[in-house]
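Some notes on the structure that comes next.
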Amino acid sequence: MWTLGGRGWGCARTLARWAPGAALGPAPTFGAAPESWPTCRVYSSAEFKEKLDMSRFPVENIRNFSIVAHVDHGKSTLADRLLELTGTIDKTKNNKQVLDKLQVERERGITVKAQTASLFYNCEGKQYLLNLIDTPGHVDFSYEVSRSLSACQGVLLVVDANEGIQAQTVANFFLAFEAQLSVIPVINKIDLKNADPERVENQIEKVFDIPSDECIKISAKLGTNVESVLQAVIERIPPPKVHRKNPLRALVFDSTFDQYRGVIANVALFDGVVSKGDKIVSAHTQKTYEVNEVGVLNPNEQPTHKLYAGQVGYLIAGMKNVIEAQIGDTLYLHKQPVEPLPGFKSAKPMVFAGMYPVDQSEYNNLKSAIEKLTLNDSSVTVHRDSSLALGAGWRLGFLGLLHMEVFNQRLEQEYNASVILTTPTVPYKAVLSSSKLIKARRAVQKNMIFIDQNRVMLKYLFPLNEIVVDFYDSLKSLSSGYASFDYEDAGYQTAELVKMDILLNGNTVEELVTVVHKDKAHSIGKAICERLKDSLPRQLFEIAIQAAIGSKIIARETVKAYRKNVLAKCYGGDITRKMKLLKRQAEGKKKLRKIGNVEVPKDAFIKVLKTRSSK
């Protein structure tokens, strides 16, 4: 009688290119000639060394926008060029991913944290304030994008002229569309040899119903036609709809923690004015604070006298406890209560993992580090947990495997925390056993749309556990890097699931226990055992690695013991002398195996699940 259960299923969209070697189209056009642009100027950084007077920017001269795109389509490079064109940073060869401030972003070459920058731009005699938010492109960090859009009235949708529309391009467009934001399509990388901007224009028109003549063709790397992007931001994105005469109403859309100044909240003002010395109240905690500093990010912190409705900036108000700073909170003036803003829909975690300190004496330090980091990454869910083997810890929920790895890396780099991270799992709903067997279906095709002659978008219903570990890596490998992938939650369905234990010398390793589909139990168990064999260091005794379902062993690997040559001192003589030495060695190893402990390296918990990528 099989145990029936439900498992989380994900709705996955896959875009695959059929013909990698697309033919080159005609030479790309670069938009209007420079002499047709309006007369504009930029401000030098020296003009803004002192505190800024933000009252010089009326609401009609403010534009709040985000840059959204698929991974590696050139968002951060475009942000660098916009910072240079507006004089926010000096133009140098070292300006690469200026807004990617985290060490993990520099090492991995991806954006994992949305960053804000206020740009000052003078066009046709008017002073404009352009508030730019650079967002991540990977699906695991889509919550950063949705939060950032709450502070914007428009987006720049960047599309690679070579790759065309990919999965996260579609996902980000619909985030902006649902928020009723103005969308400006920007076709980037027109300088590439295989670039085909006309083909991408047709894709944008067909998929998003945006006329092809609204697309702006640029090369962010070379700076070609980038200034026309600024013109489009001013002309096509509307100013925020706010009221400065109303009482203060500010939305906290992001925050960081400074050990000296406390919480630094990124705010978007929807009504009123805030300045240093004002007493404000948190709608979430109902606590009152005094504002110590307000300012804008340029891209570093630049204090100002005041912040006005329609503007985006930062606020420091002496919040010393990370629990006091709630993402999505509304701030208002003391004794002037207002209707709280809607806030944000909570992120729904897709992958769960246990996190424990290497040494239990570091529990409090790790707890503080996790609290501070989750303040900066509110999509992570935290629940207390404990393990007989590892002691007190937490069960964390993430939006994906990359999200989990980046969070762990940030803990080590930013807080010098050393942790043990157990194998990731996905949520299940278990039901009682039944005599009726239900055959599980591993993927169901829901839709197929041909974007053009070279691309097709496939929509499938997948079990979540099939895609969160190594599906994306396998997809990239099989398609030579041309396919892309996005997914969203699609509820629970029944499936034939079994609990699989991993044993080391007969002892169950609780951190490696996992739930798998019955049909794949043997192959997954064998693959995990093989990966563990490569990960575990050899000992003076033999290590038996087994995968078991109940009392049945379904896979086994053995880590051979180090062996001393006890016969080295025997230069002949009776064979019984050699046999005696070998027997004594075998007895010693047998005894050592009973009392010896097998230490599992902390990185093995992640490695063992990446089994199918090497197949």
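Per my numbering, the sequence shown starts with residue -16, numbered consecutively. Glycine residues also receive a C-beta, built at the ideal position from the N, C-alpha and C atoms.
Suppose the cutoff is 7 Å on Cβ atoms and the five residues either side in sequence are ignored; what does the same chain contact list for Val427 look like?
These residues qualify, in order along the chain: Tyr443 and Leu444.
Delimiting residues of the alpha helix (DSSP H) encompassing Tyr470
For Tyr470, there is no enclosing alpha helix (DSSP H); the enclosing beta strand (DSSP E) covers residues Ser467 to Leu487.
So, are the CB atoms of Leu132 and Ala162 less than 7 Å apart?
Taking 7 Å as the Cβ cut-off, Leu132 and Ala162 qualify as a contacting pair.
Leaving aside the five residues before and after Ala601 along the sequence, list all residues of the same chain whose C-beta is less than 6 Å from its C-beta, in chain order.
Residue 601 lies beyond the range of the chain shown here (-16 to 598); nothing can be said about it.
Bridge-paired residues (DSSP) for Gln285:
In DSSP, Gln285 forms a bridge with Val279.
Taking the Cβ atom as the reference point for each residue, do Trp377 and Met333 lie within a distance shorter than 7 Å?
Cβ distance not < 7 Å, so Trp377 and Met333 don't count as in contact.
Using only the alpha-carbon positions, how far apart do Met387 and Ser369 sit?
Distance from the CA of Met387 to the CA of Ser369, rounded to the nearest whole angstrom, comes to 19 Å.
Could you give the uninterrupted runs of the alpha helix (DSSP H) lying entirely in the stretch 312 to 385, keeping only those of 4 residues or more?
Under the rule that a run must span 4 or more residues, the alpha helix (DSSP H) segments found entirely inside the stretch 312 to 385 read 346 to 359.
I need the boundaries of the beta strand (DSSP E) containing Asp123, first residue and last residue.
First-last for Asp123: undefined, no H or E at that position.
Taking buried to mean at least 16 other C-beta atoms within 10 Å of its own C-beta, is Thr541 buried or exposed?
Flag for Thr541 reads exposed.
Nearest-angstrom Cα separation, counted from Ala248 out to Leu385:
Approximately 26 Å between the Cα atoms of the pair.
Terminal residues of the continuous alpha helix (DSSP H) containing Gln151?
In this chain, the alpha helix (DSSP H) harbouring Gln151 covers Ala150 to Glu161.
Limits of the alpha helix (DSSP H) - the one that Gln214 falls within
Counting along the chain, the alpha helix (DSSP H) containing Gln214 begins and ends at Glu210 to Arg219.
Note the first and the last residue of the continuous alpha helix (DSSP H) segment covering Asn185.
Element bounds for Asn185: Pro180 to Phe191.
Sufficient close CB pairs (3 or more, under 8 Å) joining the stretch 235 to 242 to the stretch 278 to 293:
Not touching, per the Cβ criterion.
Cα-Cα separation, Lys79 to Val138
Whole-angstrom Cα-Cα distance: 22 Å.
Does the beta-carbon of Asp192 have 16 or more other beta-carbons within 10 angstroms, so that it is buried, or is it exposed?
With fewer than 16 other Cβ atoms within 10 Å, it is exposed.
Is it the case that the stretch 301 to 321 contacts the stretch 245 to 264, given that we only count it when at least three CB pairs across the two stretches are under 8 Å?
Output reads yes: the stretch 301 to 321 touches the stretch 245 to 264.
How big is the Cα-Cα spacing for Asn265 and Asn177?
The sequence shown places Ser at residue 265, rather than the Asn named in the question. Rounded to whole angstroms, Ser265 to Asn177 spans 53 Å at the Cα level.
Specify, as a first and last residue, the run of the alpha helix (DSSP H) that Ile507 falls within.
Ala504 to Ser518 is the extent of the alpha helix (DSSP H) around Ile507.
Considering only residues of the same chain and omitting the five flanking positions on each side of Asp261, which have a CB-CB separation below 7 Å?
These residues qualify, in order along the chain: Val274 and Leu316.
Exposed or buried, what is Lys200 when buried is set at 16 or more other beta-carbons lying within 10 Å of its beta-carbon?
Sixteen is the threshold: when 16 or more other Cβ atoms of the shown chains lie within 10 Å of the Cβ of Lys200, as they do, the residue is buried.
DSSP state of Val42, grouped into three classes?
Here Val42 sits in helix by DSSP.
What would DSSP say about Ser59, mapped onto helix, strand or coil?
Residue state, collapsed to three classes: helix.
Inter-residue spacing [alpha-carbon to alpha-carbon] between Ala527 and Arg539
About 7 Å.
Please name the residue or residues paired with Ser202 in a DSSP beta bridge.
BP columns for Ser202 point to Thr207.
Do Lys482 and Val498 have their CB atoms nearer than 7 Å?
Yes, the Cβ-Cβ distance between Lys482 and Val498 is below 7 Å.
Where do the N-terminal and C-terminal ends of the beta strand (DSSP E) with Val169 fall, by residue?
Counting along the chain, the beta strand (DSSP E) containing Val169 begins and ends at Ser165 to Asn171.
Beta-carbon proximity of Tyr104 to Leu115, cut-off 7 Å
Cβ atoms of Tyr104 and Leu115: not closer than 7 Å.
Can you tell me which of the three DSSP states Met431 falls into?
Strand, per DSSP.
Whose C-beta lies closer than 6 Å to the C-beta of Arg64 among residues of the same chain, with five residues either side of it excluded?
Contacts found: Ala203, Gly206 and Val209.
Relative to the C-alpha of Asp529, which candidate in Arg521, Glu513, Pro520 and Asp517 has its C-alpha closest?
Checking the sequence, you will find Gln at residue 529 rather than Asp. For the residues Arg521, Glu513, Pro520 and Asp517, the minimum Cα distance to Gln529 belongs to Glu513.
Between Phe40, Ser129 and Asp342, which lies nearest to Gly108 when the distance is taken from Cα to Cα?
The shortest C-alpha separation from Gly108 is found at Phe40.
What does the alpha-carbon distance come out to for the pair Asp342 and Thr364?
Answer to the nearest angstrom: the Cα atoms are 23 Å apart.
Nearest to Lys429 (by Cα), restricted to the options Phe124, Thr75, Val496 and Leu441
That would be Leu441, whose Cα lies nearest to the Cα of Lys429.
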